[in-house]
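Engineer: Please read through the structure below; I'll follow up with questions.
Protein chains: 2
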Amino acid sequence: MVTSQTPERSKRRRGRGADAPPKPSRDVNYRQLKNPFPQMEVFPADHIADMHDTALRMLQELGVRVLLPEARRIFAKAGAKVDEDSEMVFIGRDIVEAAVASAPKSIACQAGARHRDFTLELGSLVFQPGAGAPNATDLERGRRPATGQDYLEFLKLTHHFDVFQMISPQVEPQDVPTHLRHYFTTRAQMELTDKFPFFFSRGTPQITDCFEMLSTARGLSDDVFRANPHCYTIINTNSPRTLDIPMAQGLIDFARYGQMSIITPFTLMGAMAPITVAGAITLSHAEALAALTLTQLTNPGAPVCYGTFTSNVDMKSGAPAFGTPSHFQASLAAGQLARHLGLPWRSAAGSASNSNDVQAANENQFGLWGCLMAGATVIIHSAGWLEGGLTVSFEKLVCDAEVLNMVAELCAGAQAGRDEIGFDTALAEVEPSGHFFASSQTMARYNTEFYQPHLHDYANFGTWAERGSVDANHRATGVWKDILANFEPPDQNGDGLAALETFIARRTQEGGAPPES
Amino acid sequence: MVTSQTPERSKRRRGRGADAPPKPSRDVNYRQLKNPFPQMEVFPADHIADMHDTALRMLQELGVRVLLPEARRIFAKAGAKVDEDSEMVFIGRDIVEAAVASAPKSIACQAGARHRDFTLELGSLVFQPGAGAPNATDLERGRRPATGQDYLEFLKLTHHFDVFQMISPQVEPQDVPTHLRHYFTTRAQMELTDKFPFFFSRGTPQITDCFEMLSTARGLSDDVFRANPHCYTIINTNSPRTLDIPMAQGLIDFARYGQMSIITPFTLMGAMAPITVAGAITLSHAEALAALTLTQLTNPGAPVCYGTFTSNVDMKSGAPAFGTPSHFQASLAAGQLARHLGLPWRSAAGSASNSNDVQAANENQFGLWGCLMAGATVIIHSAGWLEGGLTVSFEKLVCDAEVLNMVAELCAGAQAGRDEIGFDTALAEVEPSGHFFASSQTMARYNTEFYQPHLHDYANFGTWAERGSVDANHRATGVWKDILANFEPPDQNGDGLAALETFIARRTQEGGAPPES
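Residue numbers (our numbering), protein chains in the order written: chain A, 6 to 522; chain B, 6 to 522.
See below:
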């Protein structure tokens, strides 16, 4: 159990008055987690091997449609068969296997401060809040197209909770013009947080802008920047078997600069993927291998994170469903394939619910346990995600963060040595029918033994009713408002931020960089 | 995957019209489950052995207070040191070890119909809804002291969901006089369900009444009744280290008749148990061993289920908390001790929340995963439990049953053979950027592949809003009302039920049987 001080907590404590004596309190490191859960297999090993072989066969015999000419040239140069008319690329098994061999098994991610660094490898555990939503919602302001203000507020909430080790693009700031949006989001990430940042892959001009802004703000030389990943992107394939222009370009650009791609075929069983877990994950695996191969052909050893996000549709309506048994099993199967490759990988939780209700809680947590027992290295959409990703909820983020904190507490483990068993300090001290409130062991530990929730309320019914019968959803409103009202950004490189402003002003004047597609 | 027909479902199908052609539909056996989850250890094996040794030392050196003279006589006869003045019993390690050796490792529970039978042993998985609450609540009628009507309605809901394999005493029917209450609850269990019934241990007169009612209603000879457990009771110790009169009497009476006791020290870390997981579970283990020993001294080989229910209090207020990291870890430790003994065991989920909200959902599911990964054989309070057990909620029962159904689906597993991978029937059939809605594999499976929720709603936001923006909690009201409105009891032994009525009429006229304490 690591017990180093977190900036978040020390700041809060300072807020109580610099002269107050430091209180003994529970302090567990949520920033570098190891997955303590035993890993579950949904299929026998020989069937996993069959799925891997089928994926390789698909890449070789059925091929992948690759829309970016440069990507097709890279594949062709490596010996893949390319049909320029159909844009189909047929990738031999040997090419894929060489790429898997060169992909790093361990990725040292460098954040804006050393205590925020983390390593992605099988066994490590990283959480991200829900990402990529066009809408934001909260109980005070309702559901609306997300704005820059929403983006900034979500960023502050993400920074606040240590259990989110990575920044995600939670919502799309739709009131910021698209050719300038990456300046807005990068400035915000450089100013308001020192966690590992995210950049969208929307064409080379935006990507290189982002890399330059990051290096400028954090004072990184080109060599230092390229030596380790300092940021990441998410690459979705267009299932089935299609890699579009900005996604292929992102894979190439991030690999070229030594920055990290997280590859995520986002597939729904019964719609854009086969209806079975085995079929859908075989397709997802093939697509992930194709994308991974492109990174390694671009720059062998480039940091790349294998991944999947596979759930099912409701066959009555065609609507996406999340946190289902099939979603859980798909995570398990993907985990087995990731271990087959030996690579770090991402999975995802999430909810299809339209409000932050019991369905939303149960779906998200059910999917979360699937990811945890699958051994996922990065769990995306682990908090706040509603409507299958169309909306991120302020209250849901706060509610789900409570669950993630409890998972992080489990990562810290527990002890059962002589002091904890406490024959003399507890068990023999208390008479039959007595109580342990005042035992020596309790007195030594009462302030530090248990996790303290930020949301869950243990008041009895009478007290709770007197206080207005406020449910968790409405209490969560108070929690996020309090976090935002008291937010203080971490210490940053002032010169870097000033230089960043100069860069953004110049690039804005030059016309910015529209997204490419 | 077992796919036998469930009575619940065949009935529902008949309701659509006897002449309609049978629809292909998903049909998974939820009645006999095996736990598919890998088991997690919170402590190393040598520390578990230390905890077991410490518990044995406690029983020998510190002793247990046993309030029932007959129980003290049984312990004394076996060689335990008994101090009649203090009512303390000091149980030697050899006595406990012999009892553990004689306790059955597998318990064949006989319900009212053969398809409802199940076996309790390490690896099997049985759920019960929340139990023992003085209050009932639902969104239409509010929170109130529970009545006979509430008892009957909860019984019908418990019968409805196959995933509840055992009947629990969900609420206390407070409007039924205590000397007649066991007639009311036993009649209801015999008439409305064929699942495995529960009887309270409130003194020998009530217990023998219940045994006779069960044998009468189900037409069991004395030999048949005693040959297998046909019912069970829950035995809570009075922590720390006290066994009260009705609990000790229940252990003796159930053992004598070959019926099953589930032993449950219900301890809260920091209050009636040490503040540490290791200390609390060592105490719980000692108490469970003492109770188990009494059953085996009464009748060697009597069916007894080891158990624990340990969570923590909030040290600020002393209020009980559930679904916490400490609760999770306590379940894991208890599971390790149960495997150390080789015995089936019970654990529990539950929530401290005051309403069926996100906190309630997240606490219950978090505790549930602790039980599942601990390998609990019976998971009590797995649905419906609010306020740390003071209230059972109709809506929460429906919401939690959805999660349990999804867990049961995971028990059924998935396949990844040639048909499921579907190279020819799916993967090669669909072109890049196409869809799988009409692939051969989808057409063959669309009606059976996915779990169909009874509560979760996958409508998009617009449709959901048009339908009134009804959250899961309020939808659950419709679900339980529908179940109750359409409830049909299973086929029962009519002669047995008539004889049961005669028995109850006679015993009522004789003055019934007041509870003993």
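Built from N, CA and C at the ideal position, the CB exists for glycine as well.
1) If I measure Cβ to Cβ from proline 150 (chain B) and keep anything under 7 angstroms in the same chain, skipping five residues before and after, which residues do I get?
2) Under DSSP, the beta strand (DSSP E) around alanine 141 (chain A) begins and ends at which residues?
3) Using the beta-carbon of each residue, which ones in chain B are nearer than 7 angstroms to tryptophan 374 (chain A)?
4) In this structure, what does DSSP give as the bridge partners for isoleucine 267 (chain B)?
5) Around the Cβ of threonine 507 (chain A), are there at least 16 other Cβ atoms within 10 angstroms (buried) or fewer (exposed)?
6) Between tryptophan 485 (chain B) and chain A, is the shortest Cβ-Cβ distance under 9 angstroms, so that the two count as touching?
7) Any C-beta of chain A sitting closer than 9 angstroms to the C-beta of glutamate 66 (chain B)?
8) Does any CB atom of chain B fall closer than 9 angstroms to the CB of asparagine 359 (chain A)?
9) Using the beta-carbon count (16 or more within 10 Å), is lysine 401 (chain A) buried or exposed?
10) Report the option in B:Leu391, B:Gln170 and B:Leu144 whose CA atom is closest to the CA atom of arginine 528 (chain B).
11) To the nearest angstrom, report how far apart valine 47 (chain B) and alanine 293 (chain B) are at their CA atoms.
12) I think serine 336 (chain B) touches cysteine 376 (chain B), with their Cβ atoms under 8 angstroms apart; what is that distance to the nearest whole Å?
13) What's the gap between the Cα of phenylalanine 259 (chain B) and the Cα of proline 251 (chain B)?
14) List the residues of chain A whose Cβ lies closer than 7 angstroms to the Cβ of isoleucine 280 (chain B), in chain order.
15) Is it buried or exposed for aspartate 405 (chain B), if we count other Cβ within 10 angstroms and need 16 for buried?
16) Whether or not the segment 332 to 346 of chain B and the segment 342 to 354 of chain A are in contact is what I'm after, with contact meaning three or more pairs of Cβ atoms, one per stretch, closer than 8 angstroms; do they touch?
17) Could you tell me the alpha carbon to alpha carbon distance between asparagine 410 (chain B) and valine 363 (chain A), rounded to whole angstroms?
18) Mind checking methionine 448 (chain A): buried by the 16 CB within 10 Å criterion, or exposed?
19) Does the segment 372 to 387 of chain A come into contact with the segment 110 to 130 of chain A, if we say contact requires no fewer than three beta-carbon pairs (one atom in each stretch) closer than 8 angstroms?
20) Can a CB atom of chain B be found closer than 9 angstroms to the CB of cysteine 404 (chain A)?
21) For phenylalanine 201 (chain A), write down the residues that DSSP places opposite it in a beta bridge.
22) Mind checking if glycine 5 (chain B) is an interface residue toward chain A, Cβ cutoff 9 angstroms exclusive?
23) Give, in chain order, every unbroken run of the alpha helix (DSSP H) that is at least 4 residues long and sits entirely within the segment 272 to 356 of chain A.
24) Comparing alpha-carbon positions, which option in A:Ala481, A:Ile426 and A:Leu415 lies nearest tyrosine 35 (chain A)?
25) Exposed or buried, lysine 39 (chain B), counting other C-beta atoms within 10 Å across all chains shown (16 or more means buried)?
26) Kindly say whether glutamine 539 (chain B), judged by its beta-carbon, lies nearer than 9 angstroms to any beta-carbon of chain A.
27) At 3 residues or longer, what runs of the beta strand (DSSP E) sit wholly inside the segment 380 to 464 of chain B?
28) Please tell me whether asparagine 317 (chain B) and phenylalanine 455 (chain A) are closer than 9 angstroms, where the distance is taken between their beta carbons.
29) Determine whether the beta carbon atoms of alanine 338 (chain B) and methionine 56 (chain B) lie at a separation below 9 angstroms.
30) Excluding the five sequence neighbours on either side, which residues of its own chain have a C-beta within less than 7 angstroms of the C-beta of arginine 21 (chain A), listed in chain order?
31) Could you pull out every residue in the same chain whose Cβ sits closer than 7 angstroms to the Cβ of glutamate 515 (chain B), ignoring the five residues on either side in sequence?
32) Quick check on DSSP: helix, strand or coil for leucine 185 (chain B)?
33) What does the alpha-carbon distance come out to for the pair proline 458 (chain B) and arginine 78 (chain B)?
34) Which residues bound the alpha helix (DSSP H) around proline 251 (chain A)?
35) Taking the alpha-carbon positions, what's the glutamine 334 (chain A) to proline 43 (chain A) distance?
36) Any contact between the segment 161 to 170 of chain A and the segment 180 to 190 of chain A? By contact I mean 3 or more CB pairs, one from each, below 8 angstroms.
Structural biologist: According to the structure shown:
1) As a first step, residue 150 (chain B) must be located in the second sequence, where it is residue number 145. Only Pro139, Asn140 and Gln179 meet the Cβ criterion.
2) As a working note, residue 141 (chain A) is residue 136 in the first sequence. Start and end: 140 to 143.
3) In the first sequence, the residue the question calls residue 374 (chain A) occupies position 369. Neighbours of tryptophan 374 (chain A) on chain B, chain order: Trp374.
4) Here residue 267 (chain B) refers to the residue found at position 262 of the second sequence. Paired residues: B:Ile239 and B:Cys310.
5) Here residue 507 (chain A) is taken as the residue at index 502 of the first sequence, counted from 1. Under this definition threonine 507 (chain A) is an exposed residue.
6) Along the second sequence, read from residue 1 onward, the residue named residue 485 (chain B) stands at position 480. No, its Cβ sits nowhere closer than 9 angstroms to a Cβ of chain A.
7) Within the second sequence, numbered from 1, the residue matching residue 66 (chain B) stands at position 61. Closer than 9 angstroms: yes.
8) As a first step, residue 359 (chain A) is located in the first sequence; it is residue number 354 there, counting from the start. With 9 angstroms as the cut-off, asparagine 359 (chain A) counts as an interface residue toward chain B.
9) Position 396 of the first sequence, counted from the start, is the residue given in the question as residue 401 (chain A). Its Cβ being crowded by 16 or more others within 10 Å, lysine 401 (chain A) is buried.
10) With chain B represented from 6 up to 522, any question about residue 528 (chain B) goes unanswered, as that position is not in the structure.
11) What you label residue 47 (chain B) is simply residue 42 of the second sequence in a count that begins at 1. What you label residue 293 (chain B) is simply residue 288 of the second sequence in a count that begins at 1. Those two C-alpha atoms are separated by around 20 angstroms.
12) Here residue 336 (chain B) is taken as the residue at index 331 of the second sequence, counted from 1. Here residue 376 (chain B) is taken as the residue at index 371 of the second sequence, counted from 1. With a Cβ gap of about 5 angstroms, serine 336 (chain B) and cysteine 376 (chain B) count as contacting.
13) On the second sequence, residue 259 (chain B) is found 254 positions in, with the first residue counted as 1. On the second sequence, residue 251 (chain B) is found 246 positions in, with the first residue counted as 1. Whole-angstrom Cα-Cα distance: 12 angstroms.
14) Start at 1 with the first residue of the second sequence, and residue 280 (chain B) comes out as number 275. The answer, in chain order, is Phe441, Gln446, Thr447, Arg450, Tyr451 and Glu454.
15) Taking the second sequence and counting its residues from 1, one reaches residue 405 (chain B) at position 400. Classification of aspartate 405 (chain B): buried, given that the 10 Å Cβ count is 16 or more.
16) no
17) On the second sequence, position 405 is the one that residue 410 (chain B) refers to. On the first sequence, position 358 is the one that residue 363 (chain A) refers to. Cα-Cα distance, rounded: 15 angstroms.
18) Numbered from 1 along the first sequence, position 443 holds the residue referred to as residue 448 (chain A). It is exposed - the Cβ of methionine 448 (chain A) has fewer than 16 other Cβ atoms within 10 Å.
19) yes
20) On the first sequence, position 399 is the one that residue 404 (chain A) refers to. Yes - at least one Cβ of chain B is within 9 angstroms of the one on cysteine 404 (chain A).
21) Sequence index remark: in the first sequence, residue 201 (chain A) carries index 196 (1-based). Paired residues: A:Met171.
22) What the structure shows of chain B is the stretch from 6 to 522, and residue 5 (chain B) is not part of that stretch, so it cannot be assessed.
23) 282 to 303 and 330 to 346
24) Position 30 of the first sequence, counted from the start, is the residue given in the question as residue 35 (chain A). When each option's Cα is compared against that of tyrosine 35 (chain A), the closest is A:Leu415.
25) Here residue 39 (chain B) refers to the residue found at position 34 of the second sequence. It is exposed - the Cβ of lysine 39 (chain B) has fewer than 16 other Cβ atoms within 10 Å.
26) The question about residue 539 (chain B) has no answer here: the residues shown for chain B are numbered 6 through 522.
27) 383 to 385 and 396 to 398
28) If you number the second sequence from 1, residue 317 (chain B) lands on position 312. If you number the first sequence from 1, residue 455 (chain A) lands on position 450. Taking 9 angstroms as the Cβ cut-off, asparagine 317 (chain B) and phenylalanine 455 (chain A) qualify as a contacting pair.
29) Here the question's residue 338 (chain B) lines up with position 333 in the second sequence. Here the question's residue 56 (chain B) lines up with position 51 in the second sequence. Yes, Cβ-Cβ distance for alanine 338 (chain B) and methionine 56 (chain B) is below 9 angstroms.
30) Working through the first sequence from its first residue, we reach residue 21 (chain A) at position 16. Any reading at arginine 21 (chain A) must be qualified, since the residue scores a pLDDT of 38, below 50, and its modelled position is unreliable; no value is offered.
31) What you label residue 515 (chain B) is simply residue 510 of the second sequence in a count that begins at 1. Contacts found: none.
32) Counted from its first residue, the second sequence places residue 185 (chain B) at position 180. DSSP places leucine 185 (chain B) in coil when its eight states are reduced to three.
33) For the purposes of this step, residue 458 (chain B) is taken as the residue at position 453 of the second sequence. For the purposes of this step, residue 78 (chain B) is taken as the residue at position 73 of the second sequence. Approximately 54 angstroms, taken between the alpha carbons.
34) Residue numbering aside, residue 251 (chain A) sits at position 246 when the first sequence is read from its first letter. Here the alpha helix (DSSP H) through proline 251 (chain A) covers 250 to 261.
35) Residue numbering aside, residue 334 (chain A) sits at position 329 when the first sequence is read from its first letter. Residue numbering aside, residue 43 (chain A) sits at position 38 when the first sequence is read from its first letter. Spanning the two alpha carbons is a distance of roughly 15 angstroms.
36) no
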